[in-house]
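From first to last, the protein sequence lines are chains A and B.
Remember, the numbering used here sits 3 above the position in the first sequence when you count from 1.
Remember, the numbering used here sits 16 above the position in the second sequence when you count from 1.
Beta carbons are placed, not taken as given, at the ideal position from N, Cα and C, and that holds for glycine.
These numbers come from a predicted model, not from an experiment.
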Amino acid sequence: AQSVTQLDSHVSVSEGTPVLLRCNYSSSYSPSLFWYVQHPNKGLQLLLKYTSAATLVKGINGFEAEFKKSETSFHLTKPSAHMSDAAEYFCVVSEGTSYDKVIFGPGTSLSVIP
Amino acid sequence: GAVVSQHPSWVICKSGTSVKIECRSLDFQATTMFWYRQFPKQSLMLMATSNEGSKATYEQGVEKDKFLINHASLTLSTLTVTSAHPEDSSFYICSARSPPGYGYEQYFGPGTRLTVT
């Protein structure tokens, strides 16, 4: 069975400092992993995805994530936070590439302090 | 990238009435669409998987007679909340899965906020 844990429900960083949002997953098979961002009262935007290719995945807006199978982790990072990064971030897991069912993590709320 | 639209973006209805939400894939055909529900400050919960031309598959605990799903064409799925009550107020998000030759991934709609008074 699949599951996703986002270790921090809320993260607060100062503008210009690095961002780290943590995600651990559990999956019986080779997972596909995603990070989505949701701004207030908006839909979801895909930041990046891992589907068994390169373990370091670069996404939009300067975000990247590294798939570490030994640690069952897929943490999201950004070198320098911007005010516009303040939003809710969801780590998502899907077994294989069929996308038959995806499981959302509980989300991490990112605040950026000016 | 692929675009999925939802209509309406927000709706207010009275208790006891029914509301229909549309989900459309605008530039690809989707044999499978998904419906999610999101409560305030919570994550998305999968409600059902909608397959074109067949019955939807509902997740455990989701009342299929209350949340009617129809996937009549390859670009349209609808969710009808029947006899809505205030506890049905929520943010409903759909996604459409693109075909294998188009990435075979889920693209999400912008969501529909339902408020039942």
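Kindly indicate the opening and closing residues of the beta strand (DSSP E) around residue i.
| i | result |
| --- | --- |
| A/I63 | It is not in any beta strand (DSSP E) - A/I63 carries neither H nor E in the DSSP assignment. |
| A/F107 | V105 to F107 |
| A/Q41 | P34 to Q41 |
| A/T80 | S76 to K81 |
| A/Y28 | N27 to S29 |
| B/K153 | Given that chain B is displayed from residue 17 to residue 133, the structure contains no residue 153 of chain B and the question cannot be resolved. |
| A/L10 | First-last for A/L10: undefined, no H or E at that position. |
| B/Q22 | V20 to H23 |
| B/V121 | The identity of residue 121 of chain B in the sequence shown is Glu, whereas the question assumes Val. Element bounds for B/E121: n/a, residue is neither H nor E. |
| A/T20 | Run containing A/T20: none; DSSP gives neither H nor E here. |
| A/E98 | A90 to E98 |
| A/S112 | T111 to I116 |
| B/A112 | S106 to R113 |
| B/T128 | T128 to V132 |
| A/K52 | L47 to Y53 |
Counting only beta-carbon separations shorter than 9 Å, does residue i have a partner in chain A?
| i | result |
| --- | --- |
| B/F44 | no |
| B/Y52 | yes |
| B/Q58 | yes |
| B/V28 | Looking at the sequence shown, residue 28 of chain B is not Val but Ile. Taking Cβ atoms only, chain A never reaches closer than 9 Å to B/I28, which makes this a no. |
| B/C127 | Correcting the residue type first, residue 127 of chain B is Gly in the shown sequence and not Cys. Yes - at least one Cβ of chain A is within 9 Å of the one on B/G127. |
| B/S109 | The question names Ser, but residue 109 of chain B is Ile in the sequence shown. By this cut-off, B/I109 is an interface position. |
| B/L130 | no |
| B/M61 | yes |
| B/E121 | yes |
Does residue i get closer than 9 Å to chain B when you measure Cβ to Cβ?
| i | result |
| --- | --- |
| A/G62 | no |
| A/P21 | no |
| A/V105 | yes |
| A/Y39 | yes |
| A/S114 | no |
| A/N27 | no |
| A/P109 | yes |
At a threshold of 8 Å, does residue i count as lining the ligand GDP (C-beta to nearest heavy atom)?
| i | result |
| --- | --- |
| A/E69 | This structure lacks the ligand GDP, and indeed carries no ligand of any kind. |
Are the region 88-95 of chain B and the region 117-126 of chain B touching, with three or more C-beta to C-beta distances below 8 Å?
Remark: fewer than three beta-carbon pairs, one from each stretch, lie closer than 8 Å, so the region 88-95 of chain B and the region 117-126 of chain B are not flagged as touching.
For the region 46-58 of chain A, which residues have a beta carbon sitting closer than 9 Å to at least one beta carbon of chain B?
Those residues of the region 46-58 of chain A that come within reach of chain B (Cβ to Cβ, closer than 9 Å) are G46, L47, Q48, L49, K52 and T54.
Segment contact flag, the region 10-22 of chain A with the region 74-83 of chain A, C-beta cutoff 8 Å, min 3 pairs:
Cβ pair count under 8 Å is three or more, so yes.
Decide if the region 94-114 of chain B is in contact with the region 49-59 of chain B; the criterion is three or more beta carbon pairs, one per stretch, under 8 Å apart.
Short answer: they touch.
At 3 residues or longer, and completely inside the region 31-98 of chain B: list those beta strand (DSSP E) runs for me, N to C.
You should have 35-41, 48-54, 60-67, 83-89 and 92-97.
Quick one: any contact between the region 29-47 of chain A and the region 64-75 of chain A, if contact means 3 or more CB pairs under 8 Å?
With three or more CB-CB distances shorter than 8 Å, the region 29-47 of chain A counts as touching the region 64-75 of chain A.
If contact means a Cβ-Cβ distance below 8 Å, which residues of the region 71-91 of chain B contact chain A?
Legend: CB atoms of the region 71-91 of chain B lying less than 8 Å from CB atoms of chain A are not found in any residue.
Proximal residues, the region 80-98 of chain A versus chain B, C-beta separation under 7 Å:
Within the region 80-98 of chain A, F93 place their CB atoms closer than 7 Å to a CB of chain B, listed in sequence order.
Touch test, the region 66-73 of chain B against the region 41-53 of chain B, Cβ-Cβ under 8 Å, three pairs minimum:
Using a C-beta cut-off of 8 Å, the region 66-73 of chain B makes contact with the region 41-53 of chain B, since at least three inter-stretch Cβ pairs fall below that distance.
Counting Cβ pairs, one atom from each stretch, are 3 or more of them under 8 Å apart for the region 9-17 of chain A and the region 107-114 of chain A?
Yes, the region 9-17 of chain A touches the region 107-114 of chain A.
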